[in-house]
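See below for the structure under consideration.
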Amino acid sequence: MFNQTTAQELALLGFGNLHQMKGLLFFLFFLIYIATVTGNLLIIGLIATSSTLHSPMYFFICNLSLCEIIFTSNIVPNMLYVIWRELGTMTMYGCFFQFYVYCSSGSVECLLLTAMAFDRYQAICNPLRYSSVMHSSACNHLVLGAWLFGFTIMSIITLTLLSTQSCGSTVIDHIFCDLGPILELSIIDTHIIQSEALFIVITVGLFPFGFIIVSYGVIFWTILRIPSKLGRRKAFSTCSAHLVSVCTYFGTLFTIYLLPSTQRSVKVNKVLSLLYIVVTPLFNPIIYGLRNREMKTSFGLFFYKVGGCVNI
């Protein structure tokens, strides 16, 4: 059983034998990781300290940034170690813990993006009742529910994995502990785990995505009915950043897990996973920092104050 071989170490192959490329890749991914964590921490700090950003939308963005930090910090540091050493090791429990946090934080992000779509729907399609619907208590419940549900539902498949029997292999040909490579270590029928994975994908992936699509269908219909061009542009600008974030996140996610992976090579799967893990979390501060007028204003005031303090 897996839980009887937890002292056994697993070998992560990563990208294999890099030699001359490992220094460049290590430095590149390290910079992206630092930029991701710094950018998301800056967003959290700005939202927490700026009174103009104390609204439901920015409350969701703040939690989204925290989720991105957990998501990328769970994998990237160990991945950098694997790149530098050209082979990484991890205990069985460590592998399952990484898988659990990876999937849980990804589930939370899906649910947070869904809550943000509901917020934009209320703001554009139901503006007169927006403050009564999206009050602080409702927002707290939505965010708390996303975190609790995301981390709870992923415990189901993780506990099932802990009870499966290993074939004795200790090699994972991937850059982190994902479900597919973990299942390759099992010698028993994995239909139960695959059924649980399908249920989770539908629950925290397809249903939220469908809700977002329907919400934006109604939003676009409402925007098109606004008589003035300026009004339509202003209404669309309030949801454009979230729409870009949704397309980026779900587009990458569905490409990796819903398209047949058997038609792709192992290297292509690794590259797609790398984009999802390393690059996608960096988009959050870029999208909401550069495309949002209020965030740009807060950034400007922050750096102005920092510059003033330095000059003093």
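Per full-length UniProt numbering: the sequence shown = residues 1 to 312. For every residue, glycine included, the Cβ atom is placed at its ideal position computed from N, Cα and C.
Going straight from the alpha carbon of residue i to that of residue j, what length do you get?
i, j, result
"LEU53", "SER131", "15 Å"
"GLY217", "ALA241", "16 Å"
"CYS67", "SER228", "38 Å"
"ARG120", "ARG129", "13 Å"
"THR89", "ALA11", "5 Å"
"ILE219", "TYR249", "20 Å"
"ILE157", "GLY180", "13 Å"
"PHE209", "GLU109", "12 Å"
"LEU87", "PHE15", "9 Å"
"HIS174", "ILE212", "32 Å"
"ARG85", "PHE299", "39 Å"
"CYS294", "SER50", "What sits at residue 294 in the sequence shown is Glu, not Cys. Rounded to whole angstroms, GLU294 to SER50 spans 10 Å at the Cα level."
"CYS177", "THR238", "37 Å"
"LEU183", "SER73", "24 Å"
"GLN122", "ILE153", "28 Å"
"residue 317", "GLY106", "Here the chain comprises residues numbered 1 to 312, so residue 317 is not present and cannot be evaluated."
"LYS22", "HIS191", "38 Å"
"LEU28", "ILE69", "18 Å"
"TYR81", "LEU275", "18 Å"
My output table needs one value for residue i: the three-state DSSP class, helix, strand or coil.
i, result
"LEU185", "coil"
"GLY14", "coil"
"GLU9", "strand"
"THR222", "helix"
"HIS135", "coil"
"CYS177", "coil"
"THR280", "helix"
"SER107", "helix"
"THR190", "coil"
"PRO227", "coil"
"ASN126", "coil"
"GLY242", "According to the sequence shown, residue 242 is His rather than Gly. It is helical."
"LEU258", "coil"
"HIS54", "coil"
"ASN269", "helix"
"THR297", "helix"
Compute the minimum distance between the beta carbon of residue i and the heavy atoms of the ligand MN, and state whether it is under 7 Å.
i, result
"CYS239", "The ligand MN is not part of the structure shown, which contains no ligands of any sort."
Per DSSP, what are the beta-bridge partners of residue i in this structure?
i, result
"VAL171", "ALA11"
"residue 366", "Nothing can be reported for residue 366, as the shown portion of the chain is limited to 1 through 312."
Please classify residue i as buried or exposed, where buried requires at least 16 other C-beta atoms within 10 Å of its C-beta.
i, result
"VAL155", "Per the sequence presented here, residue 155 reads as Ser, with Val not at that position. That one is exposed."
"ASN311", "Low confidence applies to ASN311: its pLDDT is 48, below 50, so where it sits in the model is not reliable enough to give any reading."
"GLY251", "exposed"
Looking at the C-beta of residue i, does it have a partner C-beta in chain B at a distance below 8 Å?
i, result
"GLY251", "In the structure shown, chain B cannot be found, because there is only a single protein chain."
Inter-stretch contact at 8 Å, needing at least 3 Cβ pairs: the region 195-203 / the region 281-296: no
Practice problem: Please determine if the region 96-108 and the region 38-51 are in contact, where contact requires at least 3 C-beta pairs separated by less than 8 Å. | Solution: no
Does the pairing of the region 271-281 with the region 20-35 give three or more beta-carbon distances under 8 Å? yes
Checklist entry - Are the region 45-64 and the region 137-144 in contact at 8 Å, needing three or more beta carbon pairs? => result yes
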